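So the protein lines, in turn, are chains A and B. When we follow our numbering, the leftmost residue of the first sequence carries the number 9, and every step to the right adds one. When we follow our numbering, the leftmost residue of the second sequence carries the number 9, and every step to the right adds one. C-beta atoms are modelled at their ideal positions from N, C-alpha and C, and glycine is treated no differently. Quick caveat: nothing in here was measured; it's all calculated off a predicted structure. Right, one structure below, let's go through it.
Protein chains: 2
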Amino acid sequence: MRMPIWLEKRASLTPDAVAVESEQNRRITFAELRQRSRSMAAELLNMGVQPEETVACLCDSSLELIALVHSIPYTGAMLMPLNTRLTAPELLYQLQDSQSRVLIYSDSFAHIAAELKQANSMLQILSIHELSNTAAVVDTRLLHDVAADAVYTIMYTSGTTGAPKGVLQSYSNHWSSAIGSMLNLGLTEQDKWLVTVPLFHISGLSILLRSVIYGIPIVLQPKFAPEQANAAIMEQGVTIMSVVSNMLARMLEAMGEARYPQSFRCMLLGGGPAPLALLQACVERGIPVMQTYGMTETCSQFATLSPQYMLSKLGSAGKPLFQSELRIVSSGVELPTGQAGEIVVRGPNVTSGYFNRDAKDSFIDGWLHTGDIGYVDQEGFLYVLDRRKDLIISGGENVYPAEIEAVLAGHPAVLEAGVAAIADQAWGQRPVAFVVLRAGEAFAEGELLDYCRARLAKYKLPAEIYAVAELPRNAAGKLLRRELLALLPQ
Amino acid sequence: MRMPIWLEKRASLTPDAVAVESEQNRRITFAELRQRSRSMAAELLNMGVQPEETVACLCDSSLELIALVHSIPYTGAMLMPLNTRLTAPELLYQLQDSQSRVLIYSDSFAHIAAELKQANSMLQILSIHELSNTAAVVDTRLLHDVAADAVYTIMYTSGTTGAPKGVLQSYSNHWSSAIGSMLNLGLTEQDKWLVTVPLFHISGLSILLRSVIYGIPIVLQPKFAPEQANAAIMEQGVTIMSVVSNMLARMLEAMGEARYPQSFRCMLLGGGPAPLALLQACVERGIPVMQTYGMTETCSQFATLSPQYMLSKLGSAGKPLFQSELRIVSSGVELPTGQAGEIVVRGPNVTSGYFNRDAKDSFIDGWLHTGDIGYVDQEGFLYVLDRRKDLIISGGENVYPAEIEAVLAGHPAVLEAGVAAIADQAWGQRPVAFVVLRAGEAFAEGELLDYCRARLAKYKLPAEIYAVAELPRNAAGKLLRRELLALLPQ
């Protein structure tokens, strides 16, 4: 099965529609984006880039990076977007593991790119600025279509264990993700999607692809700032935004008594279940929140909870999107409704595997084993209890950090909370909690423990609670629980 | 690739949403429709229906027929909906050609079903009424998913030459058609689609499938009546309707000075280009018309013209939908922009071929040769000049009936027009025209010929023009040009 190149098709359908609104209200149309991407593709071919080879990029969010993402299909190559927060050794590992020969970098990473080049003399490096500064070309070498099952992007993820692995994301995976999301969210001529999440994560990259498939503009804000994001919704006509819960909490704090316009129709909330207090604040302000469950391996959203269930199905990630299916299994057996086990998933948006890795540990009979723990209630709503790797086992009982965090975040003095395991002689492991207090609030550990005691079984009570200035999060805003213990007093 | 059964998935996502509003405001939800379809599927299995066998139906539009359409995937069989206007010999041909062993019929066709059974004693017949009257069952024989490339429906079409052939329509074909249409039209929570076209044609059947894929209700009106259709738009919240131009003309006549509500967002117009006068009347009344080009082989819409181009691109069918591609070829060579040739198409909505037929005449390198003639302008808009089988060749010049019809329909006295070829000693063929006059208008052939003369090249002028009471149309409302000559005075 062949697919037309998405940007090529979009630019032929609606050439004059706006593709991107970036800083200082710079706007480009789909026709202009096509021209940039075609030129970049020609330049990549001039560098010797071959079909099916990996092109790495280490770039800030920018119009140039968007054009680069869309230039790749014209070349038949695969793009590996590198996380810009990684250290040089981490980057080197991913470059080598993915067999990248070409690295495109933003000027702000020129130094580290040179360092990488020094460590790996085979690496060809070029700044994205130079790549963009090529003249428009008519180049007969550019491809007209792609194979649906060809790999478009490779994204590294740590998975449940071991070294990071490159998730293969095909055109068909990305396409199906965009279609599944549209069937769930709908699509209108007024739609405009705000992107403040990193483009090197699937949360950001997927929005770029949707923009072209749907024919809607994105508003690009390279760094998340709550006031600026609120302004885009209030004044720039944004109708959809992707967030994680601490971004949303900060936006609410920043907006005060203001309200978003009626036209704002979806706050797509990923990265784990949100605390009740946050959702209640959204209900009071009339913000339609869609909570989602997804991962790099499912090319973003896999399940989504509609806003009408925000409170009645608190903690749920909703139901799997139209083309997606899930099962809850334990030791290879499908569990009945209500019982917690490993979440396994299937669908056209699910990766076929990892770059240069045997997929047999992750896939059984075509179902991807996510390593996440959850259950499905009588009405078919998915509850993700926790990432398996974060599971705390205390005295033989499973303790889910997310559950304790949600309770703590419900306390009026607490802005956000993180929970991890400490070793315990008596119980094997016990949970320990870290909280960020709201401005002006004083820390009272005893009161917080009482608050937890009223709401949690005894074996789930944190052994200790610490007040900290901030929680460790990755570039996508996801809480990094395994780094919490570094916050313990020495 | 497996796909979940669409109705099963839909009913799990939004069980309580309305699926169908039929006569007397009878409403059923997706959960209720699922129950009906599951029961019917169990009954079909009880009749001995096997996976991949053809089940024929000869049914009026009804809730029962809708449930039957959705029951098929649970059995793995294929459905062949028969055109209810066919004669017994025509029906027998299709039953035999498609190797149907089971025929489901509406009570109004009991007589003809019995006649078919008499002619073919192997045929098992059952009324859809009886099939519907089975109790709800939990049946472990019902399938949970389907292969994406399995055939869901078979529809007979006469094609360009020869006996009717059964077009194979797979789950993937129908799915891609629904997705392509959604990417073009958008999708909102308020959407509701009015169905007055026959369900045994792809125009009607495709709406049933979209309803379940999108999660939107359909309003079913088994017979088209302009007043009733207008009422559904005015009072029942319909946002989208599928029509052919003479249905639309009759609705405009019936609505007088009334206006549709703002919420009505799309009049999807198929079956050939519409006359200017009709489109102008729609512009005056603020009716957003989307003109489309499609066929049984493309599972409905292939290209669509957005309302903003209704007049500036008069006569165009727009651009191919997102996943679809077209080329204009002649003698195997792709023609440049602006030149007319055969329209060849490719995409995931395009059939893989015909039942029990070699597809090699219709497909070349994966492109379906439609037999239709058209060209693409500088901006990528498709103009379908004519169905090849209707092409008139006069003195070596190609004459397209649709062009002459459009001119005649622009005359104030003419409601609609049809043009066909008569043999001519001097020119080989010449066009002859048939017009239906508006109420109260008198026929003046000379004046009409003058009107044509001012607008058409001499070789395109009709040799004669006749006033007739109505034009021959098929059940979908498409003009049957080859039957026009029967209207000639004896």
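Proximal residues of chain A, C-beta to C-beta of residue i below 7 Å
i, result
"Pro12(B)", "Glu333"
"Gly388(B)", "Ser20"
"Ile187(B)", "Ile187"
Interface flag, residue i vs chain B, CB-CB below 9 Å
i, result
"Tyr222(A)", "yes"
"Leu21(A)", "yes"
"Glu478(A)", "no"
"Leu217(A)", "no"
"Arg42(A)", "no"
"Leu376(A)", "no"
"Met318(A)", "no"
"Leu343(A)", "no"
"Ala9(A)", "The sequence given here has Met at residue 9(A), not Ala. True, the Cβ-Cβ gap to chain B drops below 9 Å."
"Tyr179(A)", "no"
Residues that residue i contacts on chain B, provided the C-beta gap is smaller than 7 Å
i, result
"Pro315(A)", "Neighbours of Pro315(A) on chain B: none; closest Cβ ~11 Å, over 7 Å."
"Glu197(A)", "Gly194"
"Lys17(A)", "Phe330"
C-beta neighbour in chain A for residue i, strict 9 Å
i, result
"Lys327(B)", "yes"
"Lys200(B)", "no"
"Asp153(B)", "yes"
"Pro356(B)", "yes"
"Met190(B)", "yes"
"Thr169(B)", "For Thr169(B), the pLDDT reaches just 43, beneath the cut-off of 50, and the residue's location in the model is therefore unreliable, although a value from the coordinates is still provided. Thr169(B) does not count as touching chain A."
Assumed close pair residue i, residue j - CB separation to whole angstroms, cut-off 8 Å
i, j, result
"Val77(A)", "Leu213(A)", "7 Å"
"Asn192(B)", "Thr312(B)", "5 Å"
"His277(A)", "Ser253(A)", "Checking the sequence shown, residue 277(A) turns out to be Leu, not His. Confirmed, about 6 Å."
"Leu329(A)", "Gly188(A)", "4 Å"
"Ala510(B)", "Gln437(B)", "The requested residue 510(B) is not part of the displayed model; chain B covers only 9 to 498."
Mind the definition here: the region 391-401 of chain B touches the region 186-206 of chain B only if three or more C-beta pairs lie below 8 Å; say whether that holds.
At 8 Å Cβ cutoff, the stretches do not touch.
Would you say the region 31-46 of chain B touches the region 139-151 of chain B, given that touching needs at least three Cβ pairs under 8 Å?
Flag = yes, the region 31-46 of chain B and the region 139-151 of chain B touch.
Entirely within the region 126-191 of chain A and at least 4 residues each: give me those alpha helix (DSSP H) ranges in chain order.
If you keep only unbroken alpha helix (DSSP H) runs of at least 4 residues inside the region 126-191 of chain A, you get 136-140.
Residues, ordered as in the chain, of the region 289-311 of chain A that lie near chain C by beta-carbon distance below 7 Å:
No chain C appears in the structure shown, which is made up of the protein chains A and B.
Which ranges does the beta strand (DSSP E) cover as unbroken runs of at least 3 residues, wholly within the region 380-411 of chain B, from first to last along the chain?
Secondary structure in the region 380-411 of chain B: the beta strand (DSSP E) runs of 3 residues or longer, each lying completely within the stretch, are 390-395, 400-402 and 405-407 in chain order.
Taking 8 Å as the threshold, find out whether the region 480-490 of chain A comes into contact with the region 291-307 of chain A through three or more Cβ pairs.
In short, these stretches do not touch, since the Cβ pair count stays below three.
Pairs of beta-carbons, one from the region 104-118 of chain A and one from the region 130-137 of chain A, closer than 8 Å: are there three or more?
Contact between the region 104-118 of chain A and the region 130-137 of chain A is present, because at least three Cβ pairs lie under 8 Å.
Three or more C-beta pairs below 8 Å linking the region 11-26 of chain A and the region 89-106 of chain A
Touching, no.
Contact the region 343-363 of chain B vs the region 286-300 of chain B: 3+ CB pairs below 8 Å:
Here the region 343-363 of chain B makes no contact with the region 286-300 of chain B; the two share fewer than three CB pairs at distances below 8 Å.
May I ask you to verify whether the region 53-71 of chain B touches the region 81-92 of chain B, counting CB pairs closer than 8 Å and requiring at least 3?
Yes: at least three Cβ pairs fall under 8 Å.
With three or more beta-carbon pairs closer than 8 Å as the criterion, would you say the region 221-240 of chain A touches the region 254-268 of chain A?
Cβ pair count under 8 Å is three or more, so yes.
Would you say the region 214-223 of chain B touches the region 335-342 of chain B, given that touching needs at least three Cβ pairs under 8 Å?
Using a C-beta cut-off of 8 Å, the region 214-223 of chain B makes no contact with the region 335-342 of chain B, since fewer than three inter-stretch Cβ pairs fall below that distance.
Ignoring anything shorter than 3 residues, give me the beta strand (DSSP E) runs that lie fully in the region 265-328 of chain A, in order along the chain.
Here the runs fully enclosed are 274-278, 297-303, 308-313 and 324-328.
Any chance you could list the alpha helix (DSSP H) runs of at least 4 consecutive residues sitting entirely within the region 67-119 of chain B, in chain order?
Counting only runs of 4 or more residues that sit fully inside the region 67-119 of chain B, the alpha helix (DSSP H) segments are 71-83 and 96-105, in chain order.
For the region 443-476 of chain B, which segments carrying the beta strand (DSSP E) assignment without a break, of at least 3 residues, lie completely within its bounds, in sequence order?
Qualifying beta strand (DSSP E) stretches, in chain order: 472-475.
Within 8 Å, do at least three Cβ pairs link the region 49-61 of chain B to the region 147-154 of chain B?
They touch, by the three-pair rule.
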